[in-house]
Every structure is written in C-alpha cells, then in structure tokens.
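The numbering of the sequence shown is the numbering used here, which starts it at 392 and goes up by one. Virtual Cβ for every residue (Gly too), placed ideally from N, Cα, C. Predicted model, so just to flag it, every value in this text is computed and none were measured. I have placed the structure first, in the form of structure tokens, so that the comments after it can refer back to it.
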Amino acid sequence: MADVQEVEVVVAHNERATLRVGDVFLKVDADQTRIDVEVEAMAMAPIPTPEVLWRRPPVLAIAAVPGTALGRLGEPSSASPAAWAAAGAAVRMLHDAPLPPWPGRGVDAIASLLDEECEWLVTNGVLPTDLITRNRRVAEAALRPWTPVFTHGDLQITHVFVAGDEITGVIDWSEASQGDAMFDLATLTLGHEEHLDDVVAGYGTDVDLDVIRAWWSLRSLLAIRWLSEHGFDPSSPGCEVDVLRARM
392 MADVQEVEVV VAHNERATLR VGDVFLKVDA DQTRIDVEVE AMAMAPIPTP
442 EVLWRRPPVL AIAAVPGTAL GRLGEPSSAS PAAWAAAGAA VRMLHDAPLP
492 PWPGRGVDAI ASLLDEECEW LVTNGVLPTD LITRNRRVAE AALRPWTPVF
542 THGDLQITHV FVAGDEITGV IDWSEASQGD AMFDLATLTL GHEEHLDDVV
592 AGYGTDVDLD VIRAWWSLRS LLAIRWLSEH GFDPSSPGCE VDVLRARM
C-alpha cells in the first residue's frame, strides 16, 4: 500500500464510508455491530467472499475480489447468461447453508415499515399517489409467512463479482440474517428483469416469481427515502423509481 498513488472513495455518507487503496478496501462504519455481522457472515458463507486482512475499529480492511461486478442499475449487464445462472446457483448454496444467528425482520415489522414509507412518500409528494398505491398492492404478495434461510440481505448486482462465467466473490455482508429467500433473488435482479430466468435456472426449484416481483416493489418503496437522504438518486434511469413505474 505504500506505493499507492490514489485513494478512491467508493461510497461515503454519514453512516459509513468505503475507500479503495490499491487492492485493499477500507470500510469505516459508525455501527460496529454491522462490521461484526459482516465478518462473521463472510466466515460462515459457503460461497466466495473477500479475505479479511485486519480489523482495527472502526476500520475493517478486506482484499479486493477478482473479476468485475455482475452489473449496475440503469446499465445493460455485460455478464453472460451463464454468469447470471452461476449467481443464482451461488445464492442457492447460501440459502441451503445453516442459518446465521441474526433473526432479521419479520413480516409484521416489514408491513409496518412499508406503511410508514408509503405514508411518507404520499405526504411529501415524492411520487404520484397512484404509483404508490399500485406498487403497495403488488408488494402485498411478499408479506406472507416464509421459511427462514441464510440471506445476504443486500444482494444487489454491484455486490456480486464474476470472471467469465464464474462467481469470484460476493461482498458487503453487513445486512446478512435469517430471511426470505425470494428477497435475495429479487434484490439480485432488481432493475434487470431480463436476467430473472437465468438466475432462476441457476437457483433451481422453490422459486415464486410473483413474490420476487412483489419484493421488487416492496424494496423500492422502502429504499427511496433512505437513498434520497444519503446522497443517492432513486430516480436515476433504471433505478428504484423506474422499477416502480414498470409495475404500472
């Protein structure tokens, strides 16, 4: 690291920051519980994860994983269908693994949070009421009992790295918990519905497409306020607002 000429700010807001220094990522988090979860989840996961180099609170140093991200919201993915299927297979391996100790949110808590966020969106005129109402109705399908599995919790495509048709690493495990398998699959394919069949082909059985689509709406509705308040634009092309519009 002594020869590094540049420090790249990967993400930064008032809760956490991630810097890249050469082949090392430095994660600084105000909540050390999230870092505890991340380190333990990576150790438990049966799929490729970054190597933990050292930890000196509030900083966690991890090695960069090889390859490139599966894709980005708002941009066509250059990854092959086989790579998307490999991602689905990796998610299945994770979901079949022993449960982690963190319970995650239950259905009632998620439903209550959804009510709060929809009310905020309407009250503040962030989105048209009919758009919120329609997606709130679609989201209902996700609010049902599920059998908990080991979920990543934030399995967006920028967190899944591939080289050719192989998964080389999955990063950012701070939201890992016991949760709904369909939530991970929905997060992975959010904004990239065209690759859902590839992911499902790799994942295998026990996939409910209606629930995945419901989670697209639910996750997007829950995310808009947080994204807006932390310097991100959910109305960028292909992002959360477009995902909601696609359900109309």
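Using CA atoms only, rank isn't needed, just tell me which of the options is closest to residue i.
| i | options | result |
| --- | --- | --- |
| R636 | V398, V591, L518, D499 | L518 |
| P536 | R463, V482, V602 | V602 |
| H543 | P439, G462, G465 | P439 |
| R610 | P457, A532, M435, A408 | A532 |
| Q569 | L579, F541, D575 | F541 |
| P448 | V598, D422, A500 | D422 |
| W493 | L587, L522, T424 | T424 |
| V513 | T524, L504, E585 | T524 |
| E431 | A567, F623, D588 | A567 |
| L485 | F416, K418, V401, G593 | G593 |
| P472 | E557, M433, G622 | E557 |
Cα separation between residue i and residue j?
| i | j | result |
| --- | --- | --- |
| I453 | A403 | 17 Å |
| P437 | A488 | 7 Å |
| G555 | T549 | 16 Å |
| M435 | T520 | 43 Å |
| N515 | I615 | 12 Å |
| R638 | L600 | 14 Å |
| D571 | T538 | 7 Å |
| L444 | E510 | 44 Å |
| V428 | W564 | 7 Å |
| R527 | D545 | 21 Å |
| V498 | G458 | 36 Å |
| V482 | A577 | 11 Å |
| A470 | G595 | 20 Å |
| G462 | I426 | 25 Å |
| G479 | T559 | 13 Å |
| H586 | S468 | 9 Å |
| W617 | P491 | 26 Å |
Starting from residue i, follow the beta strand (DSSP E) in both directions and report where the run begins and ends.
| i | result |
| --- | --- |
| R638 | Counting along the chain, R638 falls outside any beta strand (DSSP E), and DSSP gives it neither H nor E. |
| V419 | 415-420 |
| R407 | 407-412 |
| R463 | Per DSSP, R463 belongs to no beta strand (DSSP E) and is neither H nor E. |
| W511 | No beta strand (DSSP E) holds W511; the alpha helix (DSSP H) holding it covers 498-514. |
Since I believe residue j is in contact with residue i (beta carbons under 8 Å), could you give me their beta-carbon distance rounded to a whole number of angstroms?
| i | j | result |
| --- | --- | --- |
| G629 | E466 | 7 Å |
| L612 | A530 | 6 Å |
| V561 | A476 | That pair is no contact at about 15 Å. |
| M573 | W606 | 6 Å |
| A460 | D414 | Going by Cβ atoms, the distance from A460 to D414 rounds to 16 Å, so no, they are not a contact pair. |
| A553 | A474 | First, the residue type needs correcting, since residue 553 is Val and not Ala in the sequence shown. Correct: roughly 4 Å between the Cβ atoms. |
| G582 | V634 | 6 Å |
| A502 | L534 | 5 Å |
| T409 | V398 | That pair is no contact at about 11 Å. |
What residue range is occupied by the uninterrupted alpha helix (DSSP H) comprising residue i?
| i | result |
| --- | --- |
| R527 | 520-530 |
| I453 | Premise fails: I453 lies in the beta strand (DSSP E), 450-454, not in any alpha helix (DSSP H). |
| A481 | 472-486 |
At the 8 Å Cβ level, is residue i part of the contact set with chain B, yes or no?
| i | result |
| --- | --- |
| P539 | Among the chains in the structure shown there is no chain B, since it carries only a single protein chain. |
task: Kindly provide the ranges of any alpha helix (DSSP H) runs that are 4 or more residues long and lie completely inside the region 538-613, ordered along the chain.
output: 572-580, 587-594
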